[in-house]
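This report concerns only the one structure given below.
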Amino acid sequence: MKQIPYSFDLNQPDFIPSTYDNHIKRHLSAMKGQYLDQQAFDAMMNDDPLLYEVYELQRPTVEGELLHGISIVHPGKVGNEFNMTKGHFHEVLDTGEIYYCLKGHGYMVMETPEGEWAVEVLYPGRVLYVLPRWAHRSVNISLQEDLITFFVYPGDAGHDYGTIEQQGFRKLIIDKDGEPAIVDNPRWGVSETA
Ligand code: PAN
Ligand code: ZN
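When you read off a place in the sequence shown, starting at 1, and then add 220, the result is the number in the working numbering.
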């Protein structure tokens with residue numbers, strides 16, 4: 221881990237950081253219970269495709285530090301739902317996060333424990349502020365291009381994946397006649413993984 225100030229490049233076309241510490245790959249098998257179409261999910265599990273990747277610069281997970289890196293959601297669908305990240309609340313719920321979109325076309329799906337929800341559009345040059353308390357999931361709404369975002373959030377934030385794994389998000393993003401549509405998740409609150 222670097223002990224002096226540093227800089228790095230995010231170059232087109234892939235925007236992979238010129239220096240990084242962790243490369244995380246998430247396959248379909250990491251998303252059990254999150255996609256609505258269970259049959260489509262099971263059929264694709266033979267190949268267990270790579271859905272998204274994260275490149276992280278490692279920093280101490282303490283207050284005052286900023287964790288940062290790149291998230292790449294590959295194009296595709298499971299049933300008629302677009303590829304997406306697991307999504308999470310931060311363990312320290314009152315933690316915000318900044319996303320800056322570098323490439324592609326996406327939606328950030330967000331919700332609070334109190335039942336509010338929001339969807340913001342991501343496209344190159346677009347900055348998104350995820351407020352403290354809001355769970356967030358990035359969805360790639362292009363079937364051709366990667367969705368690539370730069371993120372930065374406080375070092376002590378932590379991740380709570382369990383809540384979303386158990387209840388899902390209130391809204392799903394589906395391909396409806398070639399257009400992305402925001403629909404209610406009929407299984408919201410129903411545990412698939414318990
Ligand atoms: C991002 C996400 C990244 C991958 O760094 O961690 O996009 O998504 P999941 O963590 O939901 O798998 C972030 O929001 N960090 O807090
Ligand atoms: Zn986050």
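For every residue, glycine included, the Cβ atom is placed at its ideal position computed from N, Cα and C.
PHE371 lies in the beta strand (DSSP E); which residues open and close that run? 367-374
DSSP puts MET328 in a beta bridge; with which residues? Within the DSSP bridge table, the entry for MET328 names GLU340, SER358 as partners.
Classify SER291 as buried or exposed, calling it buried when 16 or more other Cβ atoms lie within 10 Å of its own Cβ. buried
Less than 7 Å between C-beta atoms, sequence neighbours within five positions excluded: which residues of the same chain meet that for ARG346? CYS321
Beta-carbon contacts of GLN364 that lie in its chain and below 7 Å, excluding the five residues immediately before and after: PRO295
Span of the beta strand (DSSP E) around ILE394: 391-396
Inter-stretch contact (C-beta, 8 Å, three-pair minimum) for the region 350-370 and the region 321-336: yes
Return the CA-CA distance between THR305 and PRO225, expressed in angstroms with no decimal places. 30 Å
Could you check what DSSP says for ALA377 in three-state terms: helix, strand or coil? coil
Have a look at LEU230 and ARG407 and give me their C-alpha separation to the nearest angstrom. 38 Å
Using 8 Å as the threshold, is the region 337-351 in touch with the region 258-275, meaning 3 or more CB pairs across them? no
Could you compute how far the alpha carbon of GLY398 sits from the alpha carbon of GLY299? 13 Å
Taking 6 Å as the cut-off, is the beta-carbon of GLY296 closer than that to any non-hydrogen atom of the ligand PAN? no
Based on Cα-Cα distance, which residue from TYR373, PHE302, THR315 lies nearest to SER362? PHE302
PHE370 CB to nearest chain C CB: under 7 Å? Given the protein chain composition of this structure (a single chain), no chain C is represented.
For ASP314 and GLU331, I'd like the C-alpha separation in whole angstroms. 13 Å
For ALA401, which residues in the same chain have their Cβ closer than 6 Å to its Cβ, ignoring the five residues on either side in sequence? ILE394
Backbone secondary structure at PHE228 - three-state DSSP: coil
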